[in-house]
Amino acid sequence: MKKGFIFDLDGVIVDTAKYHYLAWKKLANHLGFEFTKEQNELFKGVSRKRCLEILLEIGNRKATQEEFDTWMVEKNVDYLEYIENMDASEILPDVPKVLAFLKEKNVPIALGSASKNAQPILEKVGLLHYFDTIVDGNNVTKAKPDPEVFLLAAKQLGVNATDCVVFEDAVAGIEAANAAKMISIGIGDQQILSEAQFNFNDFTEISTGFIQELIDK
Numbered sequence: 004m005k006k007g008f009i010f011d012l013d014g015v016i017v018d019t020a021k022y023h024y025l026a027w028k029k030l031a032n033h034l035g036f037e038f039t040k041e042q043n044e045l046f047k048g049v050s051r052k053r054c055l056e057i058l059l060e061i062g063n064r065k066a067t068q069e070e071f072d073t074w075m076v077e078k079n080v081d082y083l084e085y086i087e088n089m090d091a092s093e094i095l096p097d098v099p100k101v102l103a104f105l106k107e108k109n110v111p112i113a114l115g116s117a118s119k120n121a122q123p124i125l126e127k128v129g130l131l132h133y134f135d136t137i138v139d140g141n142n143v144t145k146a147k148p149d150p151e152v153f154l155l156a157a158k159q160l161g162v163n164a165t166d167c168v169v170f171e172d173a174v175a176g177i178e179a180a181n182a183a184k185m186i187s188i189g190i191g192d193q194q195i196l197s198e199a200q201f202n203f204n205d206f207t208e209i210s211t212g213f214i215q216e217l218i219d220k
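To get this note's numbering, take the position in the sequence shown, counting from 1, and add 3.
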């Protein structure tokens, strides 16, 4: 059976979470309140719009639609400045090993991310050529845990949803993969990602033998 592999971006392929945190922290400080790394965990796998809503709840701030739209733009401008100089050193350990193995086996690969900056980031770190399709915040209307992003990725790969494998670092992403009836693999804290079918701290724990087993399932 033809398999498809779908990867989230932030926290799975590259560590852009720190840049998102810095941009949100800058906005929070501008609005007059603090924003911690612990609070930033709430933003994993969540759309930018929802992140700003949560941020305003944290700071107990109200916003007009005009202010909301302005702050959305400001945050993204700051984030883009932070990632401007990203390079291959930002790739998380052993990610290229897994991507290269899948490419060698002619397995279709997709990116399924809430980010609206996925393609430029993949270009900066030199991984874009591995991906057959990119489905991100520019293509979908519903954020994870809605499975839309993964279902669209499967469709674009020409693979049945039930024959797809998803790598995710966020609870919302694991829930989305499970809702799509895909094989879910959690990358990160196993207690937080307990709903995943498989769990690994990072890709250094994933052997090509395990990947081959997933392909053959």
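Note that CB positions come from ideal geometry on N, CA and C, so glycine has one too. The model shown is predicted, which means the values in this text are computed figures rather than measured ones.
For the alpha helix (DSSP H) assignment, the uninterrupted runs of no fewer than 4 residues enclosed by the region 140–194 are, from N- to C-terminal side, 151–160 and 174–182. Cβ-Cβ separation between Asn-142 and Leu-160: approximately 14 Å, too far for a contact (criterion under 8 Å).
A Cβ-Cβ contact shorter than 9 Å links Val-152 with Asp-139.
For Ala-113, the beta-bridge partners assigned by DSSP are Ile-9 and Thr-136. Counting other Cβ atoms within 10 Å of its Cβ, Val-76 stays below 16 and is therefore classed as exposed.
Within the region 43–109, the complete alpha helix (DSSP H) segments at least 4 residues long are 51–61, 68–86 and 98–107, listed from N- to C-terminus. In this structure, Leu-55 places its C-beta atom within 9 Å of the C-beta atom of Phe-71. For Asn-181, the closest C-alpha among the options Ile-61, Thr-165, Leu-105 and Phe-206 is that of Thr-165. DSSP places Phe-203 in no alpha helix (DSSP H) but in the uninterrupted beta strand (DSSP E) bounded by 201–203.
Ala-103 has its alpha-carbon roughly 12 Å from the corresponding atom of Phe-8.
When secondary structure is reduced to three states using DSSP, Val-128 falls in the helix class. Looking at the DSSP output, Val-15 bridges to nothing. In the assembly as shown, Lys-5 is an exposed residue. Its beta-carbon has fewer than 16 other beta-carbons within 10 Å.
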